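Residue numbers (UniProt numbering): 1 to 456.
Down below is the structure, laid out as structure tokens.
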């Protein structure tokens, strides 16, 4: 029994069942809302630019403020959720979203300052909630299907974008004109559902509780989940509880010391942290920049909402490919393939321009989605439980900071030459390939909490 770990308990005693499905169904709404909101922002930027006759500076501010809010929110999440708990942070975020009801209030804004304030606060709340969804899913899912479920969870981001495009087909006349206020009202519904589900059905991560020294609560959580998954479940024996105590003592040394940002740069975490931050920053420069200009580019090239839908639908097959491969060949191989082929796709767009714009974007969205789907589990699995929320939260925060700066870089480039942002993206993706190729840790089908072995 002395070698028993939490992942052994999770795989052989709690197993996979109703607990994981409930968790997935609830927190998937967060990813759905993030996807729908991101697509709404893409459309809203182009609509408001025309409807309110914005200048370039105002458009840059409108395009950046949501990411600024997400940067602050993700930083708050990273700093506090390792102390308050996963469920608590998630419920408070959802509650504040409902009380603020930013998406609903967006429908009634009368000028740009009002819209900017609401966009910032909505980004703040999403920045708090979004990292927690993947963390909680990873911590309660058996390792043999962990990667598949994290990826499937992120698929809801694509579903959210499709949901937004459905609303766009109903309420918009074109990519840059229509009743965007009706979309804002309708899109606030999933937020209420997520709050209710989080309060009633969501359970705190026993792995988190045990890592924090709350052994009794952690054991009770394990037994509750076990009984929920299996009616014949038998509570943990004294020997199993003692083995968990030994595992906790061995795995989470010095756990009672307060963890700070600087701990992400200690000997154990530094090889992960600098790569994760660098990749998050430069990838979001591409992601935010290109996605901001797509509605404008489509409008100028006389593309339709249906063409925009094609660039979203193609991401669903990418999800299926990753789900099938991520727990077989690993996270890193998929990321390297996805990044290299994304770079080729962007080159095609830059070189042939309007001729292969739609084809190139469809290919880019497919392979880029493969990269992003695999990046989240790669990073969050790289940190141990006591650092996981801080690590993934600050990684996302730095990425959102890059997204905040991206419009100020990309939009002026776009005004000079519509396709110059694609040329810049080619060089950025080449740098990403080099960093990914040296990434030291891939925990595909391995326990989450294992000692780090330094790679020469």
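Glycine included, each C-beta is placed from N, C-alpha and C at the ideal position.
None of the values given here were measured: they were computed from a predicted structure.
Three-state class that DSSP yields for residue 330 in the structure shown: Numbered from 1 along the chain shown, position 330 holds the residue referred to as residue 330. DSSP places residue 330 outside both helix and strand once states are collapsed to three, so it counts as coil.
Alpha-carbon to alpha-carbon, residue 143 and residue 209: Start at 1 with the first residue of the chain shown, and residue 209 comes out as number 209. Start at 1 with the first residue of the chain shown, and residue 143 comes out as number 143. So the alpha carbons of these two residues sit roughly 19 Å apart.
Beta carbon of residue 157 nearer than 8 Å to that of residue 330: In the chain shown, residue 157 corresponds to position 157, counting from 1. In the chain shown, residue 330 corresponds to position 330, counting from 1. Against a cut-off of 8 Å, the Cβ pair of residue 330 and residue 157 comes out as no contact.
Among 409, 416, 388 and 301, nearest to residue 358 - alpha-carbon criterion: Mapped onto the chain shown, residue 358 falls at position 358. Residue 301 is the option with its Cα nearest to residue 358.
C-alpha gap between residue 217 and residue 388, whole angstroms: Residue 217 sits at position 217 when you count from the first residue of the chain shown. Residue 388 sits at position 388 when you count from the first residue of the chain shown. Roughly 20 Å between the two C-alpha positions.
Coil, strand or helix - residue 425 by DSSP: The residue given as residue 425 occupies position 425 in the chain shown. If DSSP states are grouped into helix, strand and coil, residue 425 belongs with the helices.
Whole-Å CB distance - residue 414 paired with residue 296, under 8 Å assumed: Working through the chain shown from its first residue, we reach residue 414 at position 414. Working through the chain shown from its first residue, we reach residue 296 at position 296. Contact between residue 414 and residue 296 is confirmed by a C-beta separation of about 7 Å, below the 8 Å threshold.
Beta-carbon spacing of residue 27, residue 153 below 8 Å: Taking the chain shown and counting its residues from 1, the one referred to as residue 27 is at position 27. Taking the chain shown and counting its residues from 1, the one referred to as residue 153 is at position 153. Yes, they are a contact pair.
Sequence-distant residues of the same chain with beta carbon closer than 7 Å to residue 14, five excluded per side: Taking the chain shown and counting its residues from 1, the one referred to as residue 14 is at position 14. Hits under 7 Å: 222, 225, 226 and 229.
Alpha carbon of residue 287 to alpha carbon of residue 203, nearest angstrom: As a first step, residue 287 is located in the chain shown; it is residue number 287 there, counting from the start. As a first step, residue 203 is located in the chain shown; it is residue number 203 there, counting from the start. Just so you know, the alpha carbons of residue 287 and residue 203 end up roughly 33 Å apart.
Segments assigned alpha helix (DSSP H), at least 4 residues, entirely inside the segment 124 to 179: If you keep only unbroken alpha helix (DSSP H) runs of at least 4 residues inside the segment 124 to 179, you get 143 to 171.
Contacts around residue 254, its chain only, beta-carbon distance under 8 Å, and the 5 residues preceding and following it disregarded: Here residue 254 refers to the residue found at position 254 when the chain shown is read from its first residue. Residue confidence for residue 254 is low, a pLDDT of 49 falling below 50, so the modelled location carries little weight and cannot support an answer.
Distance between residue 192 and residue 6 (C-alpha atoms, nearest Å): By one-based count along the chain shown, residue 6 stands at place 6. By one-based count along the chain shown, residue 192 stands at place 192. Inter-residue distance for residue 6 and residue 192 is about 33 Å (C-alpha atoms, whole angstroms).
Distance, residue 92 Cα to residue 75 Cα: Position 75 of the chain shown, counting from 1, holds the residue named residue 75. Position 92 of the chain shown, counting from 1, holds the residue named residue 92. Using only the alpha carbons, I get a separation of about 16 Å.
The alpha helix (DSSP H) enclosing residue 243, as first and last residue numbers: Position 243 of the chain shown, counting from 1, holds the residue named residue 243. DSSP places residue 243 in the uninterrupted alpha helix (DSSP H) bounded by 238 to 251.
Proximity to residue 467 [Cα-Cα], best of 243, 190, 126 and 269: Limits of the chain in this structure are 1 at one end and 456 at the other, which puts residue 467 out of reach.
Whole-angstrom distance between residue 87 and residue 32, CA atom to CA atom: Within the chain shown, numbered from 1, the residue matching residue 32 stands at position 32. Within the chain shown, numbered from 1, the residue matching residue 87 stands at position 87. Those two C-alpha atoms are separated by around 18 Å.
Residue span of the alpha helix (DSSP H) that contains residue 3, given as start and end: The count along the chain shown starts at 1 and reaches residue 3 at position 3. No residue range can be given for residue 3, since it is assigned to no alpha helix (DSSP H) and is classified by DSSP as neither H nor E.
Residue 462, DSSP secondary structure in three states: There is simply no residue 462 to check, as the chain begins at 1 and stops at 456 in what is shown.
Collapsed DSSP secondary structure at residue 263 in the structure displayed: Translated into the one-based positions of the chain shown, residue 263 becomes position 263. Note: residue 263 maps to helix in three-state DSSP.
DSSP state of residue 37 mapped onto helix, strand, coil: Residue 37 sits at position 37 when you count from the first residue of the chain shown. Taken through DSSP and simplified to helix, strand or coil, residue 37 comes out as helix.
Buried versus exposed call for residue 317 [16 or more other C-beta atoms within 10 Å across all chains shown]: The residue labelled residue 317 in the question sits at position 317 within the chain shown. Exposed, by the Cβ-count rule.
Simplified DSSP state of residue 445, which is helix, strand or coil: For this step, residue 445 is matched to residue 445 along the chain shown. Look at residue 445 here: in three-state DSSP terms it is coil, with no helix or strand label.
Coil, strand or helix - residue 254 by DSSP: Stepping through the chain shown from its first residue, residue 254 is reached at position 254. The pLDDT assigned to residue 254 is 49, lower than 50, so where the model puts this residue is not dependable; a value taken from the coordinates is nonetheless given after this. In the structure shown, residue 254 sits in coil (DSSP, three-state: anything other than H, G, I, E or B).
Nonlocal neighbours in the same chain, by C-beta distance under 6 Å from residue 406, ignoring five residues either side: On the chain shown, residue 406 is found 406 positions in, with the first residue counted as 1. Counting only Cβ-Cβ distances below 6 Å, and skipping sequence neighbours, we find 285, 288 and 289.
Neighbourhood of residue 234 by C-beta, 7 Å cutoff - its chain only, sequence neighbours within 5 removed: Here residue 234 refers to the residue found at position 234 when the chain shown is read from its first residue. If we look at residue 234 and ignore the five residues flanking it on each side, it has no Cβ neighbours.
Among 45, 350, 396 and 90, the one whose alpha carbon lies nearest that of residue 62: For the purposes of this step, residue 62 is identified with residue 62 of the chain shown, where counting begins at 1. Closest option to residue 62, Cα to Cα, is 45.
Residues of its chain near residue 343, where Cβ-Cβ distance is below 7 Å and the 5 sequence neighbours each way are ignored: If you number the chain shown from 1, residue 343 lands on position 343. Taken in chain order, the residues that qualify are 426, 429 and 430.
Residue 198 classed as buried or exposed, judged by whether at least 16 other C-beta atoms fall within 10 angstroms: Counted from its first residue, the chain shown places residue 198 at position 198. So residue 198 counts as buried.
Buried or exposed (CB count within 10 angstroms, at least 16 for buried), residue 277: Residue mapping note: residue 277 aligns to position 277 of the chain shown, counting from 1. Its Cβ being crowded by 16 or more others within 10 Å, residue 277 is buried.
Of the residues 71, 112, 313 and 20, the one placed nearest residue 361, counting alpha carbons only: Here residue 361 refers to the residue found at position 361 of the chain shown. Per the Cα distances, 313.
Whole-angstrom C-beta distance between residue 377 and residue 69, which should lie under 8 Å: As a position in the chain shown, residue 69 is number 69, starting the count at 1. As a position in the chain shown, residue 377 is number 377, starting the count at 1. Between residue 377 and residue 69 the Cβ distance is about 25 Å, and since that is not below 8 Å, they are no contact.
Rounded straight-line distance, which links the Cα of residue 161 to that of residue 194: Locating residue 194 in the chain shown gives position 194, where the first residue counts as 1. Locating residue 161 in the chain shown gives position 161, where the first residue counts as 1. When rounded, the distance between both Cα atoms is 17 Å.
Cβ-based burial, residue 324 [other Cβ within 10 Å; buried from 16]: Taking the first residue of the chain shown as position 1, residue 324 is located at position 324. With fewer than 16 other Cβ atoms inside 10 Å of its own Cβ, residue 324 counts as exposed.
Cα-Cα separation between residue 117 and residue 51, rounded to whole angstroms: For the purposes of this step, residue 117 is taken as the residue at position 117 of the chain shown. For the purposes of this step, residue 51 is taken as the residue at position 51 of the chain shown. Answer to the nearest angstrom: the Cα atoms are 19 Å apart.
Simplified DSSP assignment, three categories, for residue 219: Within the chain shown, numbered from 1, the residue matching residue 219 stands at position 219. Looking at residue 219 - three-state DSSP - the assignment turns out to be helix.
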